[in-house]
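Here's the structure, in structure tokens; my notes come after.
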Amino acid sequence: MNDAQKPVLVWFREDLRIADNPALFKAAETGAPMVAVFILDEESTGVRPFGSAQKWMLHHALTGLAKSLQDLGGSLLVRRGASEPILRDIIAETGADRIFWNRRYGPGEIAVDAKLKAEFGDSGVAAHSFLGALLHEPSRVKTGNGDPFRVYSPFWRALERMGEPRLPLPVPEEIAFLDNRPKGMEIVELGLLPVKPDWAKGLRDTWPNGEAGAHEMLAKFLDHGIHGYADGRDMPAAENVSRLSPYLRFGMISPYQIWHAAKAAEANARDREKFLKEVGWREFAYHLLFNFPDIGWRNFSERFDVFPWKEQSPDLKAWQRGMTGYPIVDAGMRELWHTGYMHNRVRMVAASLLVKHLLIHWKAGEEWFWDTLVDGDPANNPASWQWVAGSGADAAPYFRVFNPILQGRKFDPDGEYTRKWVPEIAALPDKYLHCPWEAPAETLLNCGIRLGKSYPMPIIDHDKARIRALDAFETLKKAI
DNA sequence: TTTTGAGTTGTTCGA
DNA sequence: GTCGAACAACTCAAA
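Letter by letter, the first sequence follows residues 135 to 614 in the numbering used here.
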């Protein structure tokens with residue numbers, strides 16, 4: 135350590151881990167006395183405020199990070215407000231002359247960081263940024279023409295050509311923390327946890343905390359879930375999905391750690407490839423967000439600007455509450471409400487019902503997911519909603535209207551998932567579980583179900599809704 | 001330069 | 001019950 139050095143700031147943002155954290159690692163290497171900072175910034179313009187479930191996740195991520203830093207002899211300085219003035223305060227308080235961070239890719243976040251980098255440079259504070267959240271810097275992935283990719287498969291092949299991602303970095307062996315560190319807030323004072331009512335019980339029961347929790351999930355997945363992943367990932371009752379997305383959201387785990395662990399794990403080639411390609415989809419979503427920064431609020435395909443979405447539909451509320459009368463959709467929406475998560479297959483079916491059956495704008499669904507998902511993510515969430523709606527990159531073709539009855543039968547054939555989340559129809563035999571309205575009156579009676587009372591009638595008839603959706607898409611073709 | 005083929009996740013219809 | 005075709009339009013890269 136060189137005591138003559140001025141302090142160095144490490145600004146944690148969406149990289150709340152101590153292992154494989156390039157900014158932390160490089161800052162530690164300088165040997166300069168370190169100050170680790172987190173700022174809850176809900177004030178800078180263009181920065182999208184976190185959804186409620188994300189905040190819950192963020193609280194626990196911060197708690198875990200603070201503990202890890204304490205174990206290394208340091209602490210996490212926590213403040214709240216606009217990033218720029220707060221960082222200036224901290225620089226003034228500590229005399230730091232360098233700041234290290236890992237890059238973010240939301241348009242508002244990029245703007246904040248770019249402005250800071252320029253201004254710090256002018257005032258003699260060197261800002262060093264690193265690639266830590268993605269396997270490849272989005273600006274460096276280009277088609278043969280030099281354009282950004284709009285289709286996944288060629289994007290994936292381009293990633294393959296770029297070679298193996300680097301190996302994960304270790305936790306810094308030694309960090310010299312500044313002795314007299316500035317004071318900040320307690321994490322709990324950030325108000326990230328729900329109070330009245332405390333709706334987070336289901337989340338607490340579902341998600342182990344912090345960086346340690348992330349690695350627990352990864353280990354479990356590589357021990358069990360990955361075996362049969364390629365097919366099992368579509369079955370919501372199976373335990374084949376990794377459930378790592380909430381941890382990726384705030385960087386409690388990095389894609390490098392996941393990538394190399396999956397490469398090293400014992401698994402058959404098809405399962406492993408399929409899983410790595412899902413990591414690739416996350417990359418693709420960020421590639422889109424970086425190159426098309428308004429993807430969160432504007433149709434990627436402009437043709438959709440004239441799509442006849444319904445304004446102010448009361449159906450939105452029924453969908454949000456899991457009361458559409460389509461059991462697989464309601465199961466998903468209730469899983470979401472209870473755990474902050476929904477299985478990927480069910481996300482597609484539930485999203486398709488909102489945009490195609492109910493003709494409600496994908497943005498309404500995106501906003502609901504943003505608020506309720508613990509993995510609500512500025513790239514994946516909008517890109518996936520637009521994909522389902524048909525307005526997105528490499529999107530589902532317009533004529534692909536999921537049939538929620540068939541999807542339920544195909545992917546939850548024995549009804550384990552649906553019965554768990556829609557208990558009021560659990561007694562129905564498999565044959566009618568995904569279409570209760572087709573059950574004979576006597577069966578319903580025996581199962582204690584009064585359709586329209588104890589469980590809703592379908593919010594719309596599937597066949598009619600399908601025709602209506604296809605008609606709506608016809609208007610796009612005419613609009614040219 | 002132009003052409004060609006392939007492309008995460010489906011459903012319905014009619015033979 | 002099973003099977004193939006139809007349901008667009010566009011991107012990307014190989015030929």
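For glycine and all other residues, C-beta sits at the position ideal for the given N, C-alpha and C.
Residue burial is scored here from C-beta neighbours: Leu578 has at least 16 other C-beta atoms within 10 angstroms and is therefore classed as buried.
Beta-bridge pairing by DSSP links Asn236 to Phe264. Rounded to the nearest whole angstrom, the C-alpha separation of Pro342 and Val440 is 44 Å. Here Ala603 has Lys490, Val535 as same chain residues with Cβ atoms under 6 Å from its own Cβ, once five neighbours each way along the sequence are excluded. Proximity of the region 298-315 to the region 332-342 falls short of the contact definition, fewer than three beta-carbon pairs being nearer than 8 Å. Taking a contact to require three or more Cβ pairs closer than 8 Å, the region 151-170 and the region 260-276 qualify as touching. Around the beta carbon of Asp546, 16 or more other beta carbons sit within 10 angstroms, so the residue counts as buried.
Proximity to Val463 across Ala260, Leu301, Cys569 peaks at Cys569, based on C-alpha coordinates. If only complete runs of 4 or more residues are kept, the region 510-564 shows the alpha helix (DSSP H) at 514-523, 538-545, 550-555, in order along the chain. The shortest CA-to-CA distance from Gln139 to any of Glu373, Pro272, Asp149, Leu312 is the one to Leu312. The alpha carbon of Lys565 has as its nearest neighbour, out of Gly325, Ala216, Pro461, the alpha carbon of Pro461. Between Pro531 and the set Gln541, Ile539, Leu540, Gln520, the nearest pair of CA atoms involves Gln520.
Between the alpha carbons of Arg300 and Val171 lies a distance of about 26 Å. For Arg147, the secondary structure class from DSSP, reduced to helix, strand or coil, is coil. DSSP places Lys444 in the strand class (E or B) of the three-state scheme.
The Cβ atoms of Gly297 and Arg213 lie no closer than 8 Å to each other. At a Cβ-Cβ threshold of 8 Å, Pro302 and Ala153 count as neighbours. The beta-bridge partner set that DSSP reports for Arg295 is empty.
Sequence-distant partners of His421 (beyond 5 residues in either direction) whose C-beta falls short of 8 Å from its own C-beta, in its chain, are Pro272, Val275, Pro282, Phe283, Phe289. When rounded, the separation of the alpha-carbon atoms in Glu323 and Asp223 is 20 Å.
Contact annotation: Ala230 and Leu143 have beta-carbon atoms nearer than 8 Å.
In the same chain as Glu558, and ignoring 5 residues on each side of it, the C-beta atoms closer than 6 Å to its own belong to Ser588, Tyr589, in chain order. Selection Gln541, His472, Ser435 evaluated against Arg479 yields Gln541 as nearest (Cα-Cα). Residue range 461-473 is occupied by the alpha helix (DSSP H) that includes Arg468. Between Val259 and Arg232, the C-beta gap is smaller than 8 Å, which places the two residues in contact.
Annotation: Met168 is outside any alpha helix (DSSP H); the continuous beta strand (DSSP E) that includes it extends over 168-174. Of Ala348, Gly336, Gly414, the smallest CA-CA separation from Met386 is found for Ala348.
For Val480, the uninterrupted alpha helix (DSSP H) run begins and ends at 478-486, by DSSP. Annotated three-state conformation of Val413 is helix, per DSSP. In terms of CA proximity to Ala396, Ile360 leads the group Asp428, Ile360, Glu417, Ser379.
Judged by DSSP in its simplified three-state form, Arg600 adopts helix. The three-state reading of DSSP puts Val142 in strand, counting E and B together. Looking at the DSSP output, Phe311 sits in a beta bridge with Met168. Here Val305 carries a coil assignment [DSSP, helix/strand/coil].
Collapsing the DSSP output to three states places Val212 in a strand. If you look at Leu585, you'll find it isn't in any alpha helix (DSSP H); DSSP assigns it neither H nor E.
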